[in-house]
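Q: Structure provided below as structure tokens; questions to follow.
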Amino acid sequence: MARPFRPEVLVLGLSLIAVGVAWLLGNAGRIDLLATLRGWWPLTLVLWGVLELVAYFLARDARRSPR
Amino acid sequence: MKGAKIGLLLVILAFGSTVETAWRIRNHFGPGAWGWFTGGHFQGPSFTFDAQQTEVVAASTPVEVENAFGAVNVSAGAPGEVRITLRKVVYLGAQEKARAFADRIQLQAVHEGGALRVRTNRADLDHRLTGGDSEADFQTHLDVLVPPGTAVKVQNEHGPVEVVDVARADVSASFETVRVERVAGPADIEARHGDVQVTGIKGDLKLTNRHGDVTIQDVEGKATLDVQHGEVSATRVGGLVVNGAHGDVTAESVHGDLDVHTQHGAVRGVDVTGRASVETSFQGVTLEKVGGDATVHTEHGDVSLSDVTGAVDAQASFDDVSLTRVAGPVTVAVRHGAVRARGLDKGARVRGSGDEIVLEDFRGPVDIEAERATVRLVPAGAIAAPVRVSATHGAIELDVPAGSRIDVQASAAPGEVTTDVPGLNATLTSAGRLTATLGGGGTAVVLSTSHADVRLHGGAAVAQKTP
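Chains as they are written, first to last, in my numbering: chain S, 6 to 72; chain V, 17 to 483.
Right under this line is the structure:
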């Protein structure tokens with residue numbers, strides 16, 4: 006049986022990747038780390054919300070079309 | 017909602033709050049240990065580029081330097097010209113980009129209002145100063161050589177300042193050290209969050225520092241310091257005024273008056289040619305070799321004064337007062353502390369409670385009120401001035417040297433009056449009361465206590481203590 010889609014796992018993974026990349030670029034002097042984090046961190050909430058909606062609709066479709 | 021979702025939401029919100037807080041405070045701190053996070057100021061690869069400019073100026077033209085995020089060094093150079101070196105440090109990953117950015121950083125030397133004003137166009141490039149973003153971090157370091165005898169004004173933020181060999185100095189700086197040396201006239205320094213070192217000022221010195229230690233030496237004029245959070249050390253100054261809040265004050269070789277008003281700081285003054293006035297709390301006061309009067313008020317701290325030429329007015333609480341070799345009259349008030357004095361030439365007026373009062377080798381009139389305190393008096397020679405002691409719950413002991421001509425009135429109620437003074441002619445003796453004369457009388461000695469005894473000592477014991 007396939008594991009259900011869990012948005013929070015995806016959000017956590019993508020957020021960690023994003024913060025790590027930003028940190029690397031900050032250490033390399035390519036970006037201002039704090040300014041970048043400050044400008045983009047709310048995107049985490051937006052992304053999570055979108056994924057929650059996707060998960061909801063996927064779960065609803067699964068209930069309506071039993072195998 | 018599952019617990020994992022709630023936990024993740026809290027983590028994200030906490031992370032966002034931390035970032036927002038760091039963003040708001042980033043411009044209030046210089047680049048320090050947390051610089052990597054609070055914006056990465058001056059972190060990563062950097063490239064340095066120099067620019068030079070020389071301006072011809074008339075004699076005695078004042079020079080004003082304005083800068084931020086970089087050092088300012090001003091010193092004497094050749095007559096008739098101001099030579100400026102701007103060192104630009106750009107924090108970008110590629111040298112080409114750094115050079116292109118550095119080319120936009122311009123040195124500006126403008127003759128305005130009879131002065132030469134030196135600055136950069138940093139404000140046009142660094143939008144951080146107005147709360148915005150910047151294309152790159154960069155530092156601007158200015159080295160300025162001015163003609164000898166030039167009055168210099170420096171305003172620098174987030175960078176060290178050094179001014180040497182000028183006619184007068186007016187410095188405002190923050191978040192780094194300030195060093196001013198060899199100024200032919202007055203100096204006015206305002207610093208924040210950094211140590212200040214001043215040496216060799218021919219005129220007066222006015223100095224303000226909010227957070228940081230202050231060290232001054234060889235100031236021929238009067239030094240007026242306002243140091244709120246930092247220690248003060250002054251050596252060889254022509255008068256010193258210190259207003260502070262938290263930090264010790266040390267002054268040595270003050271050729272004038274010493275005035276210290278502070279809190280939560282110990283004060284030590286050595287070799288003051290004028291008068292000394294000290295007010296502090298929660299710490300002690302030590303003064304040695306004062307050429308004038310000494311006035312000391314402290315709460316919850318001890319007082320130690322020695323070799324004072326003028327009068328002494330000392331007030332203390334919850335600690336002791338110690339006086340040694342005072343030439344002028346002494347006034348002491350102590351609550352919950354002892355008074356110990358030796359070598360008072362013009363007597364003392366003492367109000368004390370809670371501990372002993374001991375005066376040794378004193379001359380002149382003595383007037384003592386003691387509460388819950390014993391009193392011990394050892395004159396330096398024959399008693400020739402009135403001695404009055406009023407005590408409660410404490411014994412009184414008076415040594416009477418040979419040659420004293422005194423009228424004694426002693427009472428102890430309840431208590432005893434005892435004497436072994438040879439030649440004392442008692443006219444009234446009763447329980448707890450003695451009226452007597454010595455040497456034909458003349459000088460009043462009035463001793464009274466309650467709930468303790470009065471003892472008069474004489475003869476060999478006194479002779480040994482007063483050679």
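Positions of the beta carbon are idealized from the N, C-alpha and C atoms, including for glycine.
(1) Residues of chain V with CB under 9 Å from residue 16/S, in chain order?
(2) Mind pulling the chain S residues with CB within less than 8 Å of residue 36/V?
(3) According to the neighbour-count rule (16 or more other Cβ atoms, all chains shown, within 10 Å of its Cβ), is residue 102/V buried or exposed?
(4) Around the Cβ of residue 47/S, are there at least 16 other Cβ atoms within 10 angstroms (buried) or fewer (exposed)?
(5) Helix, strand or coil for residue 19/V? Go by DSSP, reduced to three states.
(6) Kindly list the residues whose CB is nearer than 7 Å to the CB of residue 72/V, restricted to its own chain and excluding five residues on each side of it in sequence; keep chain order.
(7) Is there at least one Cβ from chain S nearer than 9 Å to residue 238/V's Cβ?
(8) Can you find the residues in the same chain that come closer than 6 Å, C-beta to C-beta, to residue 46/V, ignoring five residues on each side of it along the sequence?
(9) Answer yes or no: does any C-beta atom of chain V fall closer than 9 Å to that of residue 19/S?
(10) Nearest-angstrom Cα distance between residue 335/V and residue 384/V?
(11) Would residue 33/S pass as an interface residue toward chain V - the criterion being a Cβ-Cβ separation below 9 Å?
(12) Would you mind reading off the limits of the alpha helix (DSSP H) that contains residue 70/S?
(13) Assuming contact is defined by CB atoms lying nearer than 9 Å, are residue 39/S and residue 35/V in contact in what I supplied?
(14) So is residue 84/V in contact with chain S if we call contact Cβ pairs under 9 Å?
(15) Pull up the DSSP beta-bridge partners for residue 324/V, would you.
(16) Please report the straight-line C-alpha distance between residue 77/V and residue 168/V, rounded to a whole angstrom.
(17) Can you tell me where the alpha helix (DSSP H) with residue 122/V in it begins and where it stops?
(18) If you follow the beta strand (DSSP E) that residue 80/V is in, where does it begin and where does it stop?
(19) If we require 3 or more residues per run, which beta strand (DSSP E) segments fall completely within the stretch 235-294 of chain V?
(20) Using a Cβ distance threshold of 8 Å, determine whether the stretch 209-227 of chain V contacts the stretch 117-125 of chain V, with at least three qualifying pairs required.
(21) Select from 390/V, 251/V, 129/V, 339/V the residue whose C-alpha is nearest the C-alpha of residue 239/V.
(22) Hey, is residue 20/V's beta-carbon within less than 9 Å of any beta-carbon in chain S?
(23) Between the alpha carbons of residue 435/V and residue 447/V, how many angstroms are there, rounded?
(24) Let me make sure I understand the geometry here. Which of 45/S, 30/S, 59/S has the alpha-carbon closest to that of residue 13/S?
(25) Given 8 Å as the limit, is there contact between the stretch 24-31 of chain V and the stretch 82-91 of chain V, that is, 3 or more CB pairs closer than that?
(26) Is it buried or exposed, residue 53/S, if we count other Cβ atoms within 10 angstroms and call 16 or more buried?
(27) Using a C-beta to C-beta distance shorter than 7 Å, which residues of chain V count as neighbours of residue 50/S?
(28) At which residues does the beta strand (DSSP E) containing residue 41/S begin and terminate?
(29) Show which residues of chain S have a CB atom less than 8 Å away from the CB atom of residue 154/V.
(30) I believe residue 468/V touches residue 428/V by the beta-carbon criterion, under 8 Å. Please report the beta-carbon distance rounded to the nearest angstrom.
(31) Pull the bridge partners of residue 158/V from the DSSP assignment, please.
(32) Taking 9 Å as the CB-CB cut-off, is residue 61/V touching chain S?
(33) Give a yes or no on whether the minimum CB-CB distance between residue 23/S and chain V is below 9 Å.
(34) With C-beta atoms as the reference, is residue 104/V less than 9 Å away from residue 155/V?
(35) Could you please give the first and the last residue of the uninterrupted beta strand (DSSP E) stretch that includes residue 19/S?
(36) Excluding five sequence neighbours on each side, which residues of the same chain lie with their C-beta closer than 7 Å to the C-beta of residue 20/S?
A: Judging by the given coordinates:
(1) 24, 28
(2) 43
(3) buried
(4) Exposed is the call here.
(5) helix
(6) Cβ neighbours of residue 72/V beyond the five flanking positions: 96, 97.
(7) So no, residue 238/V is outside the interface.
(8) The pLDDT assigned to residue 46/V is 46, lower than 50, so where the model puts this residue is not dependable; a value taken from the coordinates is nonetheless given after this. Taken in chain order, the residues that qualify are 174, 191.
(9) no
(10) One C-alpha to the other measures close to 18 Å.
(11) Judged by the 9 Å Cβ criterion, residue 33/S is in contact with chain V.
(12) Taken as a continuous stretch (DSSP letters only), residue 70/S belongs to no alpha helix (DSSP H), as it is neither H nor E.
(13) yes
(14) no
(15) 306/V, 342/V
(16) 9 Å
(17) Careful: residue 122/V lies outside any alpha helix (DSSP H) and carries neither H nor E.
(18) 79-84
(19) 239-245, 248-253, 256-262, 265-270, 274-277, 283-288
(20) no
(21) 251/V
(22) For residue 20/V, at least one C-beta of chain S is nearer than 9 Å to its own C-beta.
(23) 13 Å
(24) 59/S
(25) no
(26) Buried.
(27) 28
(28) Taken as a continuous stretch (DSSP letters only), residue 41/S belongs to no beta strand (DSSP E), being part of the alpha helix (DSSP H) at 38-45.
(29) Those do not exist, as residue 154/V stays about 12 Å from chain S at its closest Cβ, beyond 8 Å.
(30) 6 Å
(31) 88/V, 102/V
(32) True, the Cβ-Cβ gap to chain S drops below 9 Å.
(33) no
(34) yes
(35) Segment 12-32 is the alpha helix (DSSP H) holding residue 19/S; no beta strand (DSSP E) there.
(36) Listed in chain order, the non-local C-beta contacts of residue 20/S below 7 Å within the same chain comprise 49, local neighbours out to five positions each way being set aside.
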